[in-house]
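Novice:
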Amino acid sequence: MAAHRVLYILTLGVISLSVEADKPNIVFIIADDMGWNDVSFHGSDQIPTPNIDLLAYSGVALGRYYSHAICTPSRSALLTGKYAYKTGMQGFPPITMGEDRGIPTDIKLLPEYFKDAGYSTHLVGKWHVGSSREEYLPTKRGFDSYFGHRGGFMDYYEYTYEEEWTDGEVSGMSLFRNETPAWDVEGYITDVYTEHAKSVIENHNTESPLFLMVAHNAPHSGNDAALLQAPPEEVRAMRHVESPKRRIFAAMVKKLDDSVGDIVKALSDKGILENTIIVFTSDNGGMTDGEYKNFGSNYPLKGVKSTPYEGGVRVVGLVWSKHLNNTSNYWDGYMHISDWLPTLLSAAGVEVPEDIDGIDHWDSINSNLLSQRFEMYEMDETVGYASIIYGEFKLVTGNVVNSYSLHHGTNLTGIIGKPPSYVKSLTNSAMYRILDSVGKPFNTDDLSLRKKNTIECDISSATTSPCHSGNGTVCLYNIIEDPCETTELSASYPHLVTCMQSLLQTEMKKMIPRPPVFRNPLAAPSLFNYTWDVWIK
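Residue 68 is where the sequence shown starts when you use my numbering, and the numbers rise one by one after that.
1) Using the Cβ count rule (16 or more neighbours within 10 Å means buried), how would you classify R208?
2) K153: buried (16+ other C-beta within 10 angstroms of its C-beta) or exposed?
3) With contact counted as at least three CB pairs below 8 Å, one residue from each stretch, are the stretch 454-474 and the stretch 324-341 in contact?
4) In this structure, does DSSP put P248 in helix, strand or coil?
5) Go ahead and pull the three-state DSSP assignment for A453.
6) Quick check: what's the CA-CA separation for K576 versus M446?
7) Go through its chain and collect everything with a Cβ distance to D89's Cβ below 6 Å, but skip five positions before and after it.
8) Between which two residues does the beta strand (DSSP E) containing G239 stretch?
9) Nearest to H475 by CA position, among S187, Y366, F585, is which residue?
10) Using DSSP with H/G/I as helix, E/B as strand and the rest coil, what is H216?
11) Rounded to whole angstroms, what is the Cα-Cα separation between N245 and L556?
12) I think W103 touches G379, with their Cβ atoms under 8 Å apart; what is that distance to the nearest whole Å?
13) May I ask you to verify whether the stretch 409-418 touches the stretch 130-139, counting CB pairs closer than 8 Å and requiring at least 3?
14) Assign L437 to buried or exposed, taking buried as 16 or more other Cβ atoms, counted over all protein chains shown, within 10 Å of its Cβ.
15) When you compare each of V346, D525, S373 to V281 by their alpha carbons, which one comes out closest?
16) If you compare alpha carbons, which of S569, S238, I96 is closest to A591?
17) Mapping the DSSP letters down to three states, classify N587 as helix, strand or coil.
18) Going straight from the alpha carbon of S83 to that of A264, what length do you get?
19) Taking the beta carbon of F362 as the centre, do at least 16 other beta carbons fall within 10 Å, making it buried, or is it exposed?
20) What residue range is occupied by the uninterrupted beta strand (DSSP E) comprising G400?
21) Out of curiosity, what's the CA-to-CA distance linking T554 and D222?
22) In its own chain, which residues sit with a C-beta less than 7 Å from the C-beta of V302, not counting the 5 before and 5 after it?
23) Straight-line CA distance for V127 to F210?
24) Quick check: G481 and E309, are their CB atoms within less than 8 Å of each other?
25) Counting only runs of 3+ residues fully inside the stretch 90-146, write out the beta strand (DSSP E) ranges in chain order.
26) Looking only at its own chain, which residues have a Cβ that is under 7 Å from the Cβ of H71, when we skip the five neighbours before and after it?
27) Return the residue from the list E262, K491, E358 that minimises the CA-CA distance to K372.
28) In the DSSP assignment, what are the bridge partners of T598?
29) Who are the Cβ neighbours of D291 in its own chain at under 6 Å, not counting the five residues just before and after it?
30) Is it true that the stretch 139-153 meets the stretch 420-439, where meeting means three or more beta-carbon pairs spaced less than 8 Å apart?
31) Rounded to whole angstroms, what is the Cα-Cα separation between Y489 and H307?
32) Is it true that the stretch 460-472 meets the stretch 538-555, where meeting means three or more beta-carbon pairs spaced less than 8 Å apart?
33) If we ignore side chains and look at the alpha-carbon of each, how far apart do D549 and Y397 end up?
34) Is G458 helix, strand or coil when you go by DSSP?
35) Expressed to the nearest angstrom, what Euclidean distance is found between the alpha-carbon atoms of L368 and I603?
36) Are at least three pairs of beta-carbons, each pair with one atom in the stretch 91-99 and one in the stretch 268-285, less than 8 Å apart?
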């Protein structure tokens with residue numbers, strides 16, 4: 068009888084492992100401050116991104132995917148499934164290393180849901196949602212392992228991060244392996260993260276499904292002394308880019324695209340690609356000018372990172388799986404970054420929580436159905452703006468930084484001579500060969516999908532008299548007909564403005580105010596062997 072009981076328990080264990088192994092692996096790759104016009108599948112010949120492009124062409128490109136306007140809020144929404152202002156994680160500046168702040172520990176995060184469902188969970192790269200206390204760290208919030216930087220960005224070679232405090236500049240090493248400073252690491256950080264992600268894949272025990280998040284530093288700017296950094300040979304390969312600054316940025320993006328190809332190849336070599344869902348996104352729009360500028364481009368969209376205009380919040384997004392049913396390879400339904408939590412849980416057959424803002428779009432994306440999302444909100448009480456997307460309209464209210472709220476990037480589009488062959492970049496990519504090996508060869512004679520993903524606007528009228536909200540002025544746009552926000556409509560639709568303002572005011576009452584920024588001297592790296600370590604025990 069006892070032997071039969073043991074056999075029964077062992078059999079249940081085998082069945083359980085088999086069920087878990089049948090769940091899809093999920094690899095989520097997120098770029099930092101990549102603009103709308105920084106991928107070539109959006110129409111630009113300036114920076115070839117063949118691996119990212121082929122993921123979009125053979126998967127589903129998300130034509131109307133939205134994030135929050137800056138990094139901490141967007142990553143908080145991704146991990147919680149909630150608007151950042153409902154967890155107190157909104158606002159500029161994002162979390163600094165001297166702040167005692169993080170995603171509240173009573174909120175369950177995306178990796179915790181996957182871990183409970185039997186997944187092996189790993190994070191490579193940026194965290195930036197709290198590191199002052201141990202309980203805020205990735206390994207305490209659902210990730211089995213962590214290798215990356217805890218703050219907003221860092222030097223691409225030295226891994227240092229700098230902040231300006233009242234008594235001067237402070238600097239410390241920001242790269243950690245789990246909870247230990249990674250002093251032994253050398254190399255260009257995009258390559259370092261790629262190799263670590265490949266190692267996670269190669270060493271993965273396939274008896275359980277894999278959830279891997281790769282949150283690159285690229286193409287965010289570095290510290291003030293070296294805003295843009297890339298290997299010299301990669302910069303030289305971008306000599307067709309007219310702007311010298313944009314040329315270095317292009318090399319940074321090229322290394323990021325190489326990383327995507329290498330990670331997908333690692334999944335293929337491991338034999339798990341055909342049961343893997345891959346997501347590629349940016350956390351917000353590019354920062355063409357201003358603080359933390361990286362010379363990314365959201366052209367022809369209006370605005371940059373840190374604004375609620377399309378250039379700040381409408382970003383690159385795609386989903387890839389060999390088994391997607393959406394044969395159009397495109398989905399133009401509204402999707403918000405908070406929607407990934409329920410969407411990915413649904414794709415994995417995991418029960419979706421109800422107390423979130425995110426909406427499950429898995430069936431809609433997979434089968435090219437209408438989006439279930441009708442409205443989206445963006446709020447930053449520290450800068451002083453708020454916006455609402457309601458159907459085809461967007462209303463921007465409050466104070467937005469005027470210099471950030473223009474159509475930036477027109478001076479960054481120049482090309483010297485002929486650009487590199489787009490078709491050749493596709494056929495020479497790792498992704499092109501991988502698609503052939505999994506039975507989804509890509510026909511380079513048909514690039515109609517590229518046209519579908521390209522936004523074309525006449526922005527000449529908008530550049531002469533742009534609308535700036537603030538001091539009682541609001542800006543209303545029809546972002547379906549006018550995605551570049553060139554024509555302001557509030558005088559034509561006063562009743563709609565009143566309705567949207569009412570909805571926005573109701574939503575603003577749900578905001579948890581963020582505390583004032585205070586960079587605590589106890590966080591100084593000099594107290595922790597010049598590392599940005601946990602400083603509240």
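All C-beta atoms in this analysis are idealised placements derived from N, C-alpha and C, irrespective of residue type, glycine included.
Specialist: The relevant details are as follows:
1) Mapped onto the sequence shown, residue 208 falls at position 141. R208 comes out buried.
2) Here residue 153 refers to the residue found at position 86 of the sequence shown. K153 is buried by the Cβ-count criterion.
3) no
4) Sequence index remark: in the sequence shown, residue 248 carries index 181 (1-based). Strand.
5) Start at 1 with the first residue of the sequence shown, and residue 453 comes out as number 386. Strand, per DSSP.
6) Taking the first residue of the sequence shown as 1, we reach residue 576 at position 509. Taking the first residue of the sequence shown as 1, we reach residue 446 at position 379. Roughly 11 Å between the two C-alpha positions.
7) What you label residue 89 is simply residue 22 of the sequence shown in a count that begins at 1. The beta carbon of D89 is closer than 6 Å to none in its chain, skipping five residues each way along the sequence.
8) On the sequence shown, residue 239 is found 172 positions in, with the first residue counted as 1. Taken as a continuous stretch (DSSP letters only), the beta strand (DSSP E) holding G239 covers 235-240.
9) Here residue 475 refers to the residue found at position 408 of the sequence shown. Nearest option by C-alpha distance: Y366.
10) The count along the sequence shown starts at 1 and reaches residue 216 at position 149. Here DSSP, grouped into helix, strand and coil, assigns H216 to strand.
11) Here residue 245 corresponds to residue number 178 of the sequence shown, with the count starting at 1. Here residue 556 corresponds to residue number 489 of the sequence shown, with the count starting at 1. Cα to Cα, the separation comes out at about 51 Å.
12) On the sequence shown, residue 103 is found 36 positions in, with the first residue counted as 1. On the sequence shown, residue 379 is found 312 positions in, with the first residue counted as 1. At roughly 10 Å, the Cβ-Cβ gap does not stay under 8 Å, so W103 and G379 are not in contact.
13) Flag = no, the stretch 409-418 and the stretch 130-139 do not touch.
14) As a position in the sequence shown, residue 437 is number 370, starting the count at 1. L437 should be labelled exposed.
15) One-based indexing of the sequence shown puts residue 281 at position 214. The option with the nearest alpha carbon to V281 is V346.
16) Against the sequence shown, residue 591 aligns to sequence position 524. It is S238.
17) One-based indexing of the sequence shown puts residue 587 at position 520. Coil at N587, not helix or strand.
18) As a first step, residue 83 is located in the sequence shown; it is residue number 16 there, counting from the start. As a first step, residue 264 is located in the sequence shown; it is residue number 197 there, counting from the start. Low confidence applies to S83: its pLDDT is 34, below 50, so where it sits in the model is not reliable, and the reading given next is rough at best. If I take the Cα positions, the gap works out to 27 Å.
19) Taking the first residue of the sequence shown as 1, we reach residue 362 at position 295. The residue in question, F362, is buried, as its Cβ has 16 or more Cβ neighbours within 10 Å.
20) Looking up residue 400 in the sequence shown gives position 333. Per DSSP, G400 belongs to the beta strand (DSSP E) from 397-403.
21) In the sequence shown, counting from the first residue as 1, residue 554 sits at position 487. In the sequence shown, counting from the first residue as 1, residue 222 sits at position 155. Rounded to the nearest angstrom, the two C-alpha atoms are 40 Å apart.
22) Position 235 of the sequence shown holds residue 302. Only R314, I315, A318 meet the Cβ criterion.
23) Along the sequence shown, one-based indexing puts residue 127 at 60. Along the sequence shown, one-based indexing puts residue 210 at 143. Rounded to whole angstroms, V127 to F210 spans 27 Å at the Cα level.
24) Translated into the one-based positions of the sequence shown, residue 481 becomes position 414. Translated into the one-based positions of the sequence shown, residue 309 becomes position 242. Yes, the pair counts as a contact, with Cβ atoms nearer than the cut-off.
25) Counting whole runs of 3 or more residues, the stretch 90-146 contains the beta strand (DSSP E) stretches 92-98, 127-133.
26) The residue given as residue 71 occupies position 4 in the sequence shown. Annotation note: pLDDT 38 at H71 (below 50); position unreliable, no value reported.
27) Reading the sequence shown from its first residue, position 305 is the one you call residue 372. Taking each of E262, K491, E358 in turn and checking the Cα distance to K372, the smallest one comes out for E358.
28) If you number the sequence shown from 1, residue 598 lands on position 531. Bridge partners of T598: M240.
29) Residue 291 sits at position 224 when you count from the first residue of the sequence shown. Within the same chain, D291 has no close Cβ partners at all.
30) yes
31) Here residue 489 corresponds to residue number 422 of the sequence shown, with the count starting at 1. Here residue 307 corresponds to residue number 240 of the sequence shown, with the count starting at 1. Rounded to whole angstroms, Y489 to H307 spans 13 Å at the Cα level.
32) Flag = yes, the stretch 460-472 and the stretch 538-555 touch.
33) Residue mapping note: residue 549 aligns to position 482 of the sequence shown, counting from 1. Residue mapping note: residue 397 aligns to position 330 of the sequence shown, counting from 1. For D549 and Y397, the distance between alpha carbons rounds to 20 Å.
34) Residue mapping note: residue 458 aligns to position 391 of the sequence shown, counting from 1. Three-state DSSP puts G458 in coil, outside helix and strand.
35) Position 301 of the sequence shown, counted from the start, is the residue given in the question as residue 368. Position 536 of the sequence shown, counted from the start, is the residue given in the question as residue 603. About 42 Å.
36) Because the criterion of three Cβ pairs below 8 Å is met, the stretch 91-99 and the stretch 268-285 touch.
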